[in-house]
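Remarks on the structure that follows.
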Amino acid sequence: MRLANRLPLRLAMLAVLVTLAQASTPLALADVPKVGQPGKDVVWVPTHETLVEKMLDIAQVTSEDYVVDLGSGDGRIVIAAAQRGAKAHGIEYNPNLVALAAAQALEADMADRVTFEEADLFEADLSRATVITMFVGQRVTDRLRPRFLELEPGTRVVSNTYAIRGWPADRTVTLSGCTRWCRAHLWVVPAEVEGTWRLGDQDLALNQRFQLLNGRLGPSRITDARMEGAEITFTVDGVRYVGTVAGATMKGTRDDGASWSAVRR
1484 MRLANRLPLR
1494 LAMLAVLVTL
1504 AQASTPLALA
1514 DVPKVGQPGK
1524 DVVWVPTHET
1534 LVEKMLDIAQ
1544 VTSEDYVVDL
1554 GSGDGRIVIA
1564 AAQRGAKAHG
1574 IEYNPNLVAL
1584 AAAQALEADM
1594 ADRVTFEEAD
1604 LFEADLSRAT
1614 VITMFVGQRV
1624 TDRLRPRFLE
1634 LEPGTRVVSN
1644 TYAIRGWPAD
1654 RTVTLSGCTR
1664 WCRAHLWVVP
1674 AEVEGTWRLG
1684 DQDLALNQRF
1694 QLLNGRLGPS
1704 RITDARMEGA
1714 EITFTVDGVR
1724 YVGTVAGATM
1734 KGTRDDGASW
1744 SAVRR
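Quick note on the numbering used here: the sequence shown kicks off at 1484 and runs consecutively.
Structure (structure tokens):
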């Protein structure tokens, strides 16, 4: 989030300090958020503003999206998404960071487009998300993989630096002139298509590993096959097939102009 000057940020921090000062224990002021502080699952290191924008760029965030940021910290990714017209929600375990993020959203005049939730990111509801962003370390990133694969096909997942091991990224971008925390990885949750489908008078047998496919249409091997959300593409005997999966059916067109459809067997 870009601030017009440092005064609003100081006021936001002051609001957090006032809240903490009203706490009943003498240790309250020690809880003011500090970069590098350990948390339940991750250490808080804010994503650089340039990479925030790059993450939202590769996810193609628009006003149609509902963005959920896991480990939302000071709220900068949530606020930046809202500034693009999206509805955005931050999930953060530390209550003082939640308070800071809410103050930052208020000063950015984005409070009506964002929400912040004090919650465990492993237990929070992600079902509304069309885009998920995160900067949560390797161990946590890997633990979240099963949850992401349960989301609606086409949901975009973007991570600062840490890849989801075993699941190839659909796209990776690196900031030039950057020395640390420089990469953004994008995954698009694929529809599940593994199994046998009937396409015309032939069986389309598909094997799937995340977004990557292989298999056969009748006796012919399919090549260059992959999913991007609910979109499927593959080539058979030099003919390119492009289609959309909807439950137990898929249909589309071939590059020779013919239409095609298949149903799950």
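Ideal Cβ placement from N, Cα and C applies to all residues, glycine included.
Per DSSP, reduced to three states, the secondary structure at residue 1585 is helical. For the pair residue 1618 and residue 1554, the CB atoms are nearer than the 8 Å cut-off. For the 8 Å CB-CB criterion, residue 1525 and residue 1623 form a contact. Ranked by how close their Cα comes to the Cα of residue 1649, the residues 1658, 1628, 1639 and 1702 have 1628 in first place. Taken in chain order, the complete alpha helix (DSSP H) segments of 4 or more residues contained in the stretch 1607–1640 are 1621–1632. At a Cβ-Cβ threshold of 8 Å, residue 1539 and residue 1565 do not count as neighbours. A contact between stretches requires three or more CB pairs, one per stretch, nearer than 8 Å, and the stretch 1642–1656 meets this requirement with the stretch 1686–1701. Sequence-distant Cβ neighbours of residue 1544 in its own chain, meaning closer than 7 Å and more than five residues away, are 1550, 1564, 1567, 1569 and 1614. Taking 3 residues as the minimum length, the beta strand (DSSP E) runs contained wholly in the stretch 1647–1681 are 1654–1657 and 1666–1671, in order along the chain. Taking C-beta atoms as the reference points, residue 1664 and residue 1643 count as a pair closer than 8 Å.
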